[in-house]
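Encoded as structure tokens, the structure appears first; notes follow it.
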Amino acid sequence: MRTFESIGIASLGLKIPSFFLDLKDFAQLRGTDPNKYTIGLSCHEMALCLDQHTVVDLALGAARRALMRWKGGLDQIGFLAIGTESALDMSAPLTKWVARELKISGALRSYEVKHACLGGTLALRQAYEWRCSPASKGKAALVIAVDDTLYEASSPGEPTQGAGAVAMIVDKPLIAEIDPCSHSWSYPADDFWRPIGEPYPHVNGPLSLECYNQGALACFQDCCDYTKQTLGGFLETIKGMSFHTPFPKMVQKALGALCDKSEISKGSADKAKNLFLEKVAPYLTWNQKIGNSMTASLWFSVAQNLCGRQIGEQISAFSYGSGCGAELQLLTAGPEARAAAWAEDLQDDFSQRTQLSGQDYDHFRRLNEVLKDGTSKTGLSKDEQKLRQAS
Ligand code: CAA
491 MRTFESIGIA SLGLKIPSFF LDLKDFAQLR GTDPNKYTIG LSCHEMALCL DQHTVVDLAL
551 GAARRALMRW KGGLDQIGFL AIGTESALDM SAPLTKWVAR ELKISGALRS YEVKHACLGG
611 TLALRQAYEW RCSPASKGKA ALVIAVDDTL YEASSPGEPT QGAGAVAMIV DKPLIAEIDP
671 CSHSWSYPAD DFWRPIGEPY PHVNGPLSLE CYNQGALACF QDCCDYTKQT LGGFLETIKG
731 MSFHTPFPKM VQKALGALCD KSEISKGSAD KAKNLFLEKV APYLTWNQKI GNSMTASLWF
791 SVAQNLCGRQ IGEQISAFSY GSGCGAELQL LTAGPEARAA AWAEDLQDDF SQRTQLSGQD
851 YDHFRRLNEV LKDGTSKTGL SKDEQKLRQA S
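Be aware that the sequence shown starts at 491, since it is given in the working numbering, and climbs by one per residue.
Written out as structure tokens, the structure is:
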């Protein structure tokens with residue numbers, strides 16, 4: 491049997507937009523009880539891309555931070571993949587814009603991966619599998635998960651909006667080793683989709699929740715078959731769990747479904763709640779301040795989960811993408827997890843960003859409607875219009 495070289499995340503870079511809206515202000519704007527968002531969905535703030543900021547800026551910001559702390563040079567990157575559902579073009583990959591700015595070219599595989607929120611995870615798996623193969627010739631991969639999420643104004647998804655980017659260099663497992671085996675699951679479902687040329691996604695909310703939970707149950711079960719543990723045993727021994735986070739309450743519900751399926755919930759409903767508070771909730775606080783950054787949302791939670799970990803501690807990362815597919819991976823903390831250099835960048839971003847009022851946000855949405863009109867006339871996406879205006 492082939493033995494795998496120990497490969498993982500060698501460097502991490504995070505980037506969020508410089509504006510945010512408090513969901514209490516958003517609730518006032520929409521005439522809703524704020525508790526619906528802060529308690530019902532467990533969301534607190536949404537990060538927003540305004541002005542000339544685009545997904546390219548977010549991706550570049552995250553990539554530059556990951557590269558800055560990595561000991562290798564740009565000529566050591568042989569693979570660049572971006573997972574996103576905020577594509578700028580139906581043909582050209584988002585990596586074209588990012589590689590141009592980073593000045594990465596030559597002996598390089600560079601492309602975009604699309605599968606709703608699963609795209610970042612698929613890009614990471616492809617990078618990992620490439621890095622383990624002779625095709626990499628020992629070079630490293632740069633993977634970026636990035637999205638700028640806007641739902642139609644006043645739609646149920648609007649309070650869950652967010653934006654951000656997470657970049658990972660896949661090479662030596664300095665921050666975390668990636669387990670060679672991952673646990674995937676997929677079936678065709680119409681839970682969430684965005685037709686070509688349309689600015690906002692269509693959502694079948696209840697179906698999306700059902701698909702997410704089914705994916706979680708199937709992937710965790712497959713993982714337990716592989717690790718030869720019961721589901722309850724797995725949940726009790728793993729040090730921390732990160733999940734794709736469309737809104738944090740969804741994650742709590744998914745963990746509840748896993749506990750119900752295992753022996754954990756038997757006898758005491760508090761056990762599932764305590765498990766959530768101990769092993770999941772501490773790694774959702776960044777997401778609560780960012781909102782749903784789609785492909786990046788799981789990786790913000792993973793980045794928080796790895797902060798301060800001792801070498802050898804194992805965490806899980808569950809990814810879900812509408813359409814639909816899911817994948818569960820295990821990560822083992824490496825020597826640089828403890829110092830968690832990436833956390834400082836994000837704390838700086840949080841402290842420096844500008845808070846919008848409900849009225850500012852309303853103005854932004856109206857402007858976006860004008861851009862959306864332009865999109866249908868020019869065929870250019872909102873981000874591409876911003877890029878053309880900026881150049
Ligand atoms: N105080 C406290 N809680 C309140 C409340 C109040 N005043 N009013 C309502 N709530 C609670 C509700 O009881 C409910 O909680 P429970 O589910 O525990 O009962 C919660 O707030 C939400 O209320 P609703 O179900 O009425 O909310 P909604 O129908 O307006 O919207 C949603 C919910 C459909 C999920 C919507 O947010 C949505 O469409 N989101 C986008 C789709 C999505 O995120 N799906 C997740 C899985 S798909 C995926 O993962 C891919 C992706 O990233 C999009």
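Backbone N, C-alpha and C fix where the C-beta goes; we use that ideal spot for every residue, glycine too.
1) Within a Cβ cutoff of 8 Å, which residues of the same chain sit near A882, ignoring the five residues on either side of it in sequence?
2) Between I594, L640 and K561, which has its C-alpha nearest Y690's C-alpha?
3) Could you tell me whether any non-hydrogen atom of ligand 1 is closer than 7 Å to the CB of N782?
4) Is S644 near ligand 1 - that is, is its Cβ less than 7 Å away from at least one heavy atom of it?
5) Go ahead and pull the three-state DSSP assignment for V693.
6) Report yes if the C-beta of D523 is less than 7 Å from at least one heavy atom of ligand 1; otherwise report no.
7) Using DSSP with H/G/I as helix, E/B as strand and the rest coil, what is T775?
8) Let me check you understand the geometry: is the CB of S812 closer than 7 Å to at least one non-hydrogen atom of ligand 1?
9) Is the beta carbon of C749 within less than 7 Å of some heavy atom of ligand 1?
10) Give me the residue from E495, S576, L519 and W776 with the minimum Cα distance to I668.
11) Quick check on DSSP: helix, strand or coil for I529?
12) Helix, strand or coil, according to DSSP, for A831 in the structure here?
13) In three-state DSSP terms, what is R621?
14) Hey, quick one: how far does the alpha helix (DSSP H) through L767 stretch, first residue to last?
15) Of the choices V633, C622 and E591, whose alpha-carbon is the least far from that of T785?
16) Once DSSP output is grouped into helix, strand and coil, what is the label at G735?
17) From the DSSP output, which residues share a beta bridge with W683?
18) Thinking C-alpha only, which one of A500, E602, G824 and L550 is nearest A582?
19) With hydrogens ignored, establish whether the beta-carbon of S645 is closer than 7 Å to any heavy atom of ligand 3.
20) Excluding the 5 residues preceding and the 5 following Y810 in the sequence, name in chain order all residues of the same chain whose CB lies nearer than 7 Å to its CB.
21) Since A571 contacts W789 with CB under 8 Å, what's their CB separation in whole angstroms?
Answer, in terms of the structure:
1) An answer regarding residue 882 cannot be provided, because it is not within the stretch 491 to 881 covered by the chain.
2) As a first step, residue 690 must be located in the sequence shown, where it is residue number 200. Closest by alpha carbon: L640.
3) Along the sequence shown, read from residue 1 onward, the residue named residue 782 stands at position 292. Under cutoff, so the answer is yes.
4) Along the sequence shown, read from residue 1 onward, the residue named residue 644 stands at position 154. No, Cβ of S644 sits at least 7 Å from all heavy atoms of ligand 1.
5) Translated into positions along the sequence shown, residue 693 becomes position 203. DSSP places V693 in strand when its eight states are reduced to three.
6) Here residue 523 corresponds to residue number 33 of the sequence shown, with the count starting at 1. True, at least one ligand heavy atom lies under 7 Å from that Cβ.
7) Here residue 775 is taken as the residue at index 285 of the sequence shown, counted from 1. In the structure shown, T775 sits in a helix (DSSP, three-state: H, G or I).
8) Looking up residue 812 in the sequence shown gives position 322. Yes, since a heavy atom of ligand 1 falls inside the 7 Å radius drawn around the Cβ of S812.
9) The residue you call residue 749 lines up with position 259 of the sequence shown. No, ligand 1 has no heavy atom inside 7 Å of this Cβ.
10) Sequence index remark: in the sequence shown, residue 668 carries index 178 (1-based). Nearest C-alpha to I668: E495.
11) What you label residue 529 is simply residue 39 of the sequence shown in a count that begins at 1. Residue state, collapsed to three classes: helix.
12) What you label residue 831 is simply residue 341 of the sequence shown in a count that begins at 1. A831 falls in the helix class under three-state DSSP.
13) Within the sequence shown, residue 621 is the residue found at index 131, counting from 1. R621 falls in the helix class under three-state DSSP.
14) Taking the sequence shown and counting its residues from 1, one reaches residue 767 at position 277. Where L767 is concerned, the enclosing alpha helix (DSSP H) stretches over D760 to K769.
15) Walking along the sequence shown from the start, residue 785 turns up at place 295. The candidate whose alpha carbon is nearest that of T785 is V633.
16) Position 245 of the sequence shown, counted from the start, is the residue given in the question as residue 735. Note that residue 735 corresponds to Thr in the displayed sequence, not to Gly. In this structure, T735 counts as coil in the three-state DSSP scheme.
17) Taking the sequence shown and counting its residues from 1, one reaches residue 683 at position 193. In the DSSP secondary-structure assignment, W683 is bridged to H692.
18) Here residue 582 refers to the residue found at position 92 of the sequence shown. Out of A500, E602, G824 and L550, E602 has the C-alpha closest to the C-alpha of A582.
19) Questions concerning ligand 3 fall outside what the structure shown contains, since the ligands it does hold are ligand 1.
20) Taking the sequence shown and counting its residues from 1, the one referred to as residue 810 is at position 320. Excluding sequence neighbours, Y810 sits near C607, L608, Y702, G705, H734 and A816.
21) Residue 571 sits at position 81 when you count from the first residue of the sequence shown. Residue 789 sits at position 299 when you count from the first residue of the sequence shown. Actually they do not touch by this definition, with Cβ atoms about 13 Å apart.
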